[in-house]
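J.:
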Amino acid sequence: RLVGSEAGADHVPAEVNTEKVSIARIYDFALGGKDNFAVDRAAAAAMTEVVPEAMLLAKANRHFLRQAVRYLVGEAGIRQIVDIGSGLPTAGNVHEIAQEVAPETRVVYVDNDPIVLAHGRALLASNDRTAFLKADLREPEAIFGHPDTERLIDQSEPFAVLLGGILMHLEDEEDPEGVAAGIRDRLPSGGFLLVSNTCDNGEPRAMELSQVFADSGMGTRCFRTWDEQIRYFDGLELVDPGLVPHNEWRVGPDMPEPNSPAHAMHIGGVGRKP
Ligand code: SAM
Numbered sequence: 010r011l012v013g014s015e016a017g018a019d020h021v022p023a024e025v026n027t028e029k030v031s032i033a034r035i036y037d038f039a040l041g042g043k044d045n046f047a048v049d050r051a052a053a054a055a056m057t058e059v060v061p062e063a064m065l066l067a068k069a070n071r072h073f074l075r076q077a078v079r080y081l082v083g084e085a086g087i088r089q090i091v092d093i094g095s096g097l098p099t100a101g102n103v104h105e106i107a108q109e110v111a112p113e114t115r116v117v118y119v120d121n122d123p124i125v126l127a128h129g130r131a132l133l134a135s136n137d138r139t140a141f142l143k144a145d146l147r148e149p150e151a152i153f154g155h156p157d158t159e160r161l162i163d164q165s166e167p168f169a170v171l172l173g174g175i176l177m178h179l180e181d182e183e184d185p186e187g188v189a190a191g192i193r194d195r196l197p198s199g200g201f202l203l204v205s206n207t208c209d210n211g212e213p214r215a216m217e218l219s220q221v222f223a224d225s226g227m228g229t230r231c232f233r234t235w236d237e238q239i240r241y242f243d244g245l246e247l248v249d250p251g252l253v254p255h256n257e258w259r260v261g262p263d264m265p266e267p268n269s270p271a272h273a274m275h276i277g278g279v280g281r282k283p
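Numbering of the sequence shown is given in UniProt numbering, commencing with residue 10 and proceeding in unit increments.
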């Protein structure tokens with residue numbers, strides 16, 4: 010299995026800005042990857058200074074994503090997945106988890122960060138059931154109308170859209186609720202939407218961490234409340250146990266520090282279109 014990227018941080022594509030923080034690279038660092046630069050590590054250090062468990066939140070989110078993909082493919086029978094804001098390749102990529110359960114599963118990865126595209130293509134070059142697009146969540150037509158998406162995903166049949174740790178990076182004026190609604194509208198009956206984000210759970214530390222996210226240029230509204238986030242699932246049936254901290258959602262044996270109270274600062278859920 011490939012961990013991190015084959016290209017490595019020494020082969021940096023020209024369009025990658027190594028002076029500016031990248032969400033994908035900070036997240037890669039938090040997961041223990043090597044596709045990150047000093048500027049990303051400095052931002053991560055600022056986060057752990059206010060909340061020592063900040064990196065645990067990323068690991069827990071990734072655990073949730075893996076468990077949810079196992080549920081979608083293994084229990085719900087999903088064979089088509091669009092993973093928007095996929096992040097850099099890491100241990101347990103969505104297509105690896107999904108195709109381990111059902112090899113015929115097709116996966117389209119989408120991210121707007123050029124470093125993800127460069128490393129994603131290197132990882133996936135040999136797999137004809139997966140594609141990697143550089144596109145933006147705010148321009149859904151570029152995603153769902155893309156020839157690779159149309160080739161791999163039959164949008165008249167149930168498919169799942171994963172929005173793991175991405176809506177949080179949209180500002181209020183970019184209308185994350187409207188973006189989620191647009192995706193729900195595209196799902197056929199029996200389709201699924203996964204959402205996970207950092208959460209303002211009322212703890213002062215959440216607001217302190219939110220400020221560090223904002224100062225790093227990751228967005229000023231990363232920590233929305235549960236009440237705000239449950240609206241992303243309007244009209245969907247929530248899969249048990251609902252929109253909850255990751256240490257409460259079908260936890261597997263590899264969940265790091267399952268009893269840490271910090272988990273309340275990152276929540277996720279999966280909804281099914283009736
Ligand atoms: N989905 C993965 C997960 O949950 O483990 C990775 C989450 S990572 C925190 C968020 C990713 O979303 C980053 O790779 C970032 O580049 C990407 N991203 C942020 N805003 C985006 C946008 N508007 N369109 C596409 N990708 C975006």
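For each residue, glycine too, the CB sits at the ideal point set by N, CA and C.
Keep in mind it's a predicted model, so treat the numbers as computed, not measured.
Quick check on THR234: buried or exposed, where buried means 16 or more other Cβ atoms within 10 Å of its Cβ?
T.: On the sequence shown, position 225 is the one that residue 234 refers to. Burial call: exposed.
J.: Near ALA144, what residues of its chain come up, given a Cβ to Cβ distance below 6 Å and the 5 sequence neighbours on each side ignored?
T.: The count along the sequence shown starts at 1 and reaches residue 144 at position 135. Non-local beta-carbon contacts of ALA144 in its own chain, meaning distances under 6 Å to residues more than five positions away in sequence, involve VAL119, ALA151, ILE152 in chain order.
J.: Following the continuous alpha helix (DSSP H) through LEU66, name the residue where it begins and the one where it ends.
T.: Looking up residue 66 in the sequence shown gives position 57. LEU66 -> alpha helix (DSSP H) spans 63 to 79.
J.: Among residues of its own chain, excluding the 5 on either side of ALA18, which ones have a beta-carbon nearer than 8 Å to its beta-carbon?
T.: What you label residue 18 is simply residue 9 of the sequence shown in a count that begins at 1. Low confidence applies here, because ALA18 scores a pLDDT of 49, under 50, leaving its location unreliable and the question unanswered by this model.
J.: Do the CB positions of residue 352 and ILE93 come within less than 8 Å of each other?
T.: Here the chain covers residues 10 to 283 and nothing more, so residue 352 does not appear.
J.: With DSSP as the reference, identify every bridge partner of TYR118, one or two as the case may be.
T.: Within the sequence shown, the letter at position 109 stands for residue 118. According to DSSP, which records beta bridges pairwise, TYR118 is partnered with ASP92, PHE141.
J.: Could you check the C-alpha separation between residue 351 and ASP49 for me, to the nearest Å?
T.: This structure cannot settle anything about residue 351, because the visible part of the chain is limited to 10 through 283.
J.: With ALA169 as the anchor, note down where its beta strand (DSSP E) starts and where it stops.
T.: Mapped onto the sequence shown, residue 169 falls at position 160. Segment 169 to 173, the beta strand (DSSP E) holding ALA169.
J.: Measuring only between beta-carbons, confirm whether GLY191 sits less than 8 Å from chain D.
T.: The structure shown contains no chain D; it is built from a single protein chain.
J.: Could you tell me the alpha carbon to alpha carbon distance between ASP224 and TYR36, rounded to whole angstroms?
T.: Locating residue 224 in the sequence shown gives position 215, where the first residue counts as 1. Locating residue 36 in the sequence shown gives position 27, where the first residue counts as 1. Those two C-alpha atoms are separated by around 16 Å.
J.: For the region 50 to 63 and the region 246 to 256, state whether three or more C-beta atom pairs, one from each stretch, are separated by less than 8 Å.
T.: no
J.: Nearest-angstrom Cα distance between THR114 and GLU105?
T.: Counting from 1 along the sequence shown, the entry for residue 114 is found at position 105. Counting from 1 along the sequence shown, the entry for residue 105 is found at position 96. Distance between the alpha carbons of THR114 and GLU105 is about 10 Å.
J.: Distance check for ASP184 and ALA16, CA to CA, integer angstroms please.
T.: The count along the sequence shown starts at 1 and reaches residue 16 at position 7. The count along the sequence shown starts at 1 and reaches residue 184 at position 175. Caution applies to ALA16, whose pLDDT of 40 falls short of 50 and renders its modelled position unreliable; the value that the coordinates give is listed next. Rounded to the nearest angstrom, the two C-alpha atoms are 35 Å apart.
J.: What is the residue span of the beta strand (DSSP E) that HIS275 lies within?
T.: For the purposes of this step, residue 275 is taken as the residue at position 266 of the sequence shown. It spans 275 to 281 - the beta strand (DSSP E) in which HIS275 sits, taken as one unbroken run.
J.: Using a threshold of 8 Å, state whether the C-beta atoms of THR229 and LEU66 are closer than that.
T.: Taking the sequence shown and counting its residues from 1, the one referred to as residue 229 is at position 220. Taking the sequence shown and counting its residues from 1, the one referred to as residue 66 is at position 57. Cβ atoms of THR229 and LEU66: not closer than 8 Å.
J.: In the DSSP assignment, find the alpha helix (DSSP H) that holds PHE46 and state where it starts and stops.
T.: Your numbering for residue 46 matches position 37 in the sequence shown. Boundaries for PHE46: no alpha helix (DSSP H) harbours it, and the DSSP string shows neither H nor E there.
J.: Is ALA18 helix, strand or coil by DSSP?
T.: Mapped onto the sequence shown, residue 18 falls at position 9. Unreliable placement is indicated for ALA18, whose pLDDT of 49 sits below 50; the coordinate value is still reported in the next sentence. Correct three-state label for ALA18: coil.
J.: Roughly how many angstroms separate the alpha carbons of MET82 and ALA111, rounded to a whole number?
T.: As a first step, residue 82 must be located in the sequence shown, where it is residue number 73. As a first step, residue 111 must be located in the sequence shown, where it is residue number 102. The residue asked about is misnamed: residue 82 is Val in this sequence, not Met. So the two alpha carbons sit approximately 7 Å from each other.
J.: For ALA273 and HIS255, what's the separation of their Cα atoms in angstroms?
T.: Your numbering for residue 273 matches position 264 in the sequence shown. Your numbering for residue 255 matches position 246 in the sequence shown. When rounded, the separation of the alpha-carbon atoms in ALA273 and HIS255 is 8 Å.
J.: Once the 5 residues before and after ILE175 are set aside, which same chain residues still bring their CB inside 7 Å of it?
T.: Reading the sequence shown from its first residue, position 166 is the one you call residue 175. Contacts found: ILE93, GLY94, LEU146.
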